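Undergrad: Protein chains in written order, with my numbering: chain A, 17 to 361; chain B, 30 to 306. A virtual CB, placed ideally from N, CA and C, is assigned to each residue, including glycine. Since this is a predicted model, take the numbers as computed values, not measurements. Before anything else, here's the structure in question.
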């Protein structure tokens, strides 16, 4: 990845205000050519508005958007070389699957024979061969999703936008589609911009993630960085679960009152009186609650200093009987110093 | 369902049954025997002319209503704010609150020889073209109020709400994301209109045209008050079952519009009007 090549998308201080509401507030952003980029955030965080501005359905109030160096800020959607997979798929109900997929080519005036050849290739790519004559209403959610993807990809857009496309699918299908989407992206080599509120989805598929909150980007980086070293309390809380520690306790551990976060699975439960090595931090507490979840167990530990901490331990050797009997026991928690992340504020 | 079948279909079937009876020319009594004689009478030139006249005016009225209603419905559905939308919809339906008869007579005055419309046309110095229009044999008359043209104008006006509302409803139901998708795939606004909006609102146009077409087919008041004295199907039915006492012939004539509507719906289905439902 070279930073010298032209970015696929560049936001230059882009804002979008709806009256008093700052849906997108002075966002600067570069999305690299060929990457799988996710915009992650809760609803109303501005991620979808950003996507709609790239597609052209919405225009920035101020700032500019560049598509491979071209200012597209004020171009209508039909003059931009990007295509979208919509949340509700937006398949044309009065057309067959074939006609839906061929729509973009039909508009461009591509001949019928050529259209049908390319449609067949696309149906092959999304693994729906033979479905061409059906109507969208005769397809399942997962199949509609694939048709929507094929309809966008057939135009070979420079950038493909995906607006929470997996939201309506059930868990199993969603996980399967995550893998498949990533594989398709690597095959076609097009820049994918994926909008989601599902942190797991973003972590699974993305090369880089931008976490949105209240119209701004809170943090931007590869999934591991976002997860391991969140730079704000919001990111620490939104991506996975996190323990935020501040005040007196923080001062005792780090020497500063600044808040830091520790992931629950990085904390080890030890018996009271354990003395770990010097790279480890340790605090004492009492197990207040135990939730057995099969694969792992969640412990809620009340620290002697007052605050509660969540600890997750995999049930490698323990049985449900073992872990449930731990309730009420005094424990000493320890974690590695590297696993703490300053979140400021 | 039972209520529906008894009240609606029951009366339709009794009508159908009567249409296969005939009256005795001599006594004027209804002979309750199956015969196609009554239907035979429908094929006489005089009756054929009534059917053709009624159906062609109904068709013209429907087409004009579609042309007027579509842009209005489109504006209401896609461009107006929700406040404006409410007011526009009230505006469209307000005429339905007043008596149909009153409105027809009001139009008779508007269209009369010394009426406001003639006055206005005079003001624009367009009475030449108007006189020319009225002089055409099949559609003209001594004044607008007494011509098929005037009659059609009133039909267009009276049934317009029945065309606007279904079209507006069908346009309202086209999800915005479909329009976004079309534009996203490279279609200019006109292409989106032709490829997405028009086909998806077609069921609304068909629904509206069923109203305007069948209401015009069956109406007998407007042709009575306005237009020349030539009969409409409705008037013929009215006079046969009333003054003439020929119920079988009236029933058979009523079957005419029913058959026309069935043919119309079959054509509409063939054109794919109901595919998106």
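Give a yes or no on whether 7 Å exceeds the smallest Cβ distance from residue 220 of chain B to chain A.
TA: Taking the first residue of the second chain as 1, we reach residue 220 of chain B at position 191. Residue 220 of chain B counts as touching chain A.
Undergrad: Hey, how far is the Cα of residue 91 of chain B from the Cα of residue 83 of chain B?
TA: On the second chain, residue 91 of chain B is found 62 positions in, with the first residue counted as 1. On the second chain, residue 83 of chain B is found 54 positions in, with the first residue counted as 1. Roughly 12 Å between the two C-alpha positions.
Undergrad: For residue 345 of chain A and residue 21 of chain A, I'd like the C-alpha separation in whole angstroms.
TA: If you number the first chain from 1, residue 345 of chain A lands on position 329. If you number the first chain from 1, residue 21 of chain A lands on position 5. Spanning the two alpha carbons is a distance of roughly 58 Å.
Undergrad: Put residue 186 of chain A into one of helix, strand or coil per three-state DSSP.
TA: On the first chain, position 170 is the one that residue 186 of chain A refers to. Coil at residue 186 of chain A, not helix or strand.
Undergrad: So for residue 315 of chain A, helix, strand or coil by DSSP?
TA: Here residue 315 of chain A corresponds to residue number 299 of the first chain, with the count starting at 1. DSSP places residue 315 of chain A in strand when its eight states are reduced to three.
Undergrad: For the pair the region 34–48 of chain B and the region 321–337 of chain A, tell me if three or more CB-CB distances fall below 8 Å.
TA: The region 34–48 of chain B vs the region 321–337 of chain A: no contact.
Undergrad: For residue 17 of chain A, is the classification buried or exposed, using 16 other Cβ atoms within 10 angstroms of its Cβ as the cut-off for buried?
TA: Indexing the first chain from 1 puts residue 17 of chain A at position 1. Low local confidence applies: a pLDDT of 45 at residue 17 of chain A is under 50, so the model's placement there is unreliable, with the coordinate-based value given in what follows. Classification of residue 17 of chain A: exposed, given that the 10 Å Cβ count is below 16.
Undergrad: Does the Cβ-Cβ distance between residue 232 of chain A and residue 74 of chain A come in under 7 Å?
TA: Numbered from its first residue, the first chain carries residue 232 of chain A at position 216. Numbered from its first residue, the first chain carries residue 74 of chain A at position 58. The answer is no: Cβ separation not under 7 Å.
Undergrad: Select from A:347, A:108 and A:36 the residue whose C-alpha is nearest the C-alpha of residue 228 of chain B.
TA: What you label residue 228 of chain B is simply residue 199 of the second chain in a count that begins at 1. Closest option to residue 228 of chain B, Cα to Cα, is A:108.
Undergrad: Is DSSP giving residue 18 of chain A helix, strand or coil here?
TA: Position 2 of the first chain holds residue 18 of chain A. Low per-residue confidence applies at residue 18 of chain A: pLDDT is 46, beneath 50, and the placement is therefore not dependable, though the value from the model is reported in the following sentence. Coil.
Undergrad: Please go through the same chain and pick out, in chain order, the residues whose beta-carbon is closer than 7 Å to the beta-carbon of residue 327 of chain A, but skip the five residues on each side of it.
TA: On the first chain, position 311 is the one that residue 327 of chain A refers to. Excluding sequence neighbours, residue 327 of chain A sits near 280, 283, 285, 315, 317 and 349.
Undergrad: Measuring only the C-alpha atoms, how far is residue 110 of chain A from residue 299 of chain B?
TA: If you number the first chain from 1, residue 110 of chain A lands on position 94. If you number the second chain from 1, residue 299 of chain B lands on position 270. Approximately 14 Å, taken between the alpha carbons.
Undergrad: Just to confirm the assignment, what range does the alpha helix (DSSP H) spanning residue 213 of chain B have?
TA: Taking the second chain and counting its residues from 1, the one referred to as residue 213 of chain B is at position 184. Here the alpha helix (DSSP H) through residue 213 of chain B covers 205–213.
Undergrad: Around the C-beta of residue 237 of chain B, are 16 or more other C-beta atoms found within 10 angstroms, so that it is buried, or is it exposed?
TA: For the purposes of this step, residue 237 of chain B is identified with residue 208 of the second chain, where counting begins at 1. Buried is the call here.
Undergrad: Need the endpoints of the alpha helix (DSSP H) that residue 259 of chain B sits in, please.
TA: Your numbering for residue 259 of chain B matches position 230 in the second chain. First-last for residue 259 of chain B: undefined, no H or E at that position.
Undergrad: Sort out for me which residues DSSP pairs residue 306 of chain A with in a bridge.
TA: Walking along the first chain from the start, residue 306 of chain A turns up at place 290. A:315.
Undergrad: Among the candidates B:206, B:219, B:99 and B:281, whose CA atom is the shortest distance from the CA of residue 77 of chain B?
TA: Taking the first residue of the second chain as 1, we reach residue 77 of chain B at position 48. Comparing Cα positions, the closest option is B:281.
Undergrad: Does the separation of the CB atoms of residue 276 of chain A and residue 357 of chain A fall below 7 Å?
TA: As a first step, residue 276 of chain A is located in the first chain; it is residue number 260 there, counting from the start. As a first step, residue 357 of chain A is located in the first chain; it is residue number 341 there, counting from the start. Contact: yes.
Undergrad: Use the C-beta contact count for residue 127 of chain B: other C-beta atoms within 10 angstroms, 16 or more gives buried, fewer gives exposed.
TA: Along the second chain, read from residue 1 onward, the residue named residue 127 of chain B stands at position 98. Exposed: under 16 other Cβ atoms inside 10 Å.
Undergrad: Does the beta-carbon distance from residue 59 of chain A to residue 228 of chain A come in below 7 Å?
TA: Taking the first residue of the first chain as position 1, residue 59 of chain A is located at position 43. Taking the first residue of the first chain as position 1, residue 228 of chain A is located at position 212. Not closer than 7 Å, so no.
Undergrad: Out of curiosity, what's the CA-to-CA distance linking residue 296 of chain A and residue 325 of chain A?
TA: Counting from one through the first chain, the residue named residue 296 of chain A turns up at place 280. Counting from one through the first chain, the residue named residue 325 of chain A turns up at place 309. If you take the alpha carbons of residue 296 of chain A and residue 325 of chain A, they lie about 17 Å apart.
Undergrad: Using a C-beta to C-beta distance shorter than 9 Å, which residues of chain B count as neighbours of residue 94 of chain A?
TA: Position 78 of the first chain, counted from the first residue, corresponds to residue 94 of chain A. Result: 211, 212, 213, 214, 215, 216, 217, 218, 220 and 221.
Undergrad: Report the neighbours of residue 123 of chain A on chain B: residues whose CB is nearer than 7 Å to its CB, in chain order.
TA: Numbered from its first residue, the first chain carries residue 123 of chain A at position 107. What residue 123 of chain A touches in chain B: 214, 215, 216 and 220.
Undergrad: Can you name the start and end residues of the beta strand (DSSP E) that residue 80 of chain A belongs to?
TA: Here residue 80 of chain A refers to the residue found at position 64 of the first chain. Element bounds for residue 80 of chain A: 78–83.
Undergrad: Does DSSP put residue 208 of chain A in a helix, in a strand, or in coil?
TA: For the purposes of this step, residue 208 of chain A is taken as residue 192 along the first chain, with counting starting at 1. Here residue 208 of chain A sits in strand by DSSP.
Undergrad: Along chain A, which residues have their Cβ under 8 Å away from the Cβ of residue 234 of chain B?
TA: Residue 234 of chain B sits at position 205 when you count from the first residue of the second chain. Correct list: empty, because the minimum Cβ distance to chain A is about 14 Å.
Undergrad: Can you give the Cα-Cα distance for residue 118 of chain B and residue 105 of chain B, rounded to whole angstroms?
TA: On the second chain, position 89 is the one that residue 118 of chain B refers to. On the second chain, position 76 is the one that residue 105 of chain B refers to. Roughly 8 Å between the two C-alpha positions.
Undergrad: Measuring alpha carbon to alpha carbon, tell me which residue in A:176, A:128 and A:310 is nearest residue 202 of chain A.
TA: Residue 202 of chain A sits at position 186 when you count from the first residue of the first chain. Answer by Cα proximity: A:176.
Undergrad: Closer than 9 Å, Cβ to Cβ, to anything on chain B: give me those residues from the region 64–97 of chain A, in chain order.
TA: So the close ones are 68, 71, 72, 73, 92, 93, 94, 95 and 96.
Undergrad: Which residues does DSSP list as the beta-bridge partners of residue 226 of chain A?
TA: For the purposes of this step, residue 226 of chain A is identified with residue 210 of the first chain, where counting begins at 1. Partner(s): A:55 and A:236.
Undergrad: Check whether the Cβ atoms of residue 79 of chain A and residue 28 of chain A sit closer than 7 Å, and answer yes or no.
TA: Residue 79 of chain A sits at position 63 when you count from the first residue of the first chain. Residue 28 of chain A sits at position 12 when you count from the first residue of the first chain. Yes; because the gap between Cβ atoms is below 7 Å, this pair is in contact.
Undergrad: According to DSSP, what are the bridge partners of residue 86 of chain A?
TA: Reading the first chain from its first residue, position 70 is the one you call residue 86 of chain A. DSSP output for residue 86 of chain A lists A:83 as bridge partner(s).
Undergrad: Measuring alpha carbon to alpha carbon, tell me which residue in A:37, A:31 and A:36 is nearest residue 43 of chain A.
TA: Taking the first chain and counting its residues from 1, the one referred to as residue 43 of chain A is at position 27. Comparing Cα-Cα distances from residue 43 of chain A to each of A:37, A:31 and A:36, the minimum goes to A:31.
Undergrad: Bridge partners of residue 351 of chain A, per DSSP?
TA: Translated into the one-based positions of the first chain, residue 351 of chain A becomes position 335. Residue 351 of chain A is bridged to A:297.
Undergrad: Nearest CA to the CA of residue 252 of chain A: which residue from A:235, A:263, A:264 and A:268?
TA: Working through the first chain from its first residue, we reach residue 252 of chain A at position 236. The residue with the shortest Cα to Cα distance from residue 252 of chain A is A:235.
Undergrad: Examine chain B for any beta-carbon lying closer than 7 Å to the beta-carbon of residue 102 of chain A, and answer yes or no.
TA: Walking along the first chain from the start, residue 102 of chain A turns up at place 86. Yes, its Cβ sits closer than 7 Å to a Cβ of chain B.
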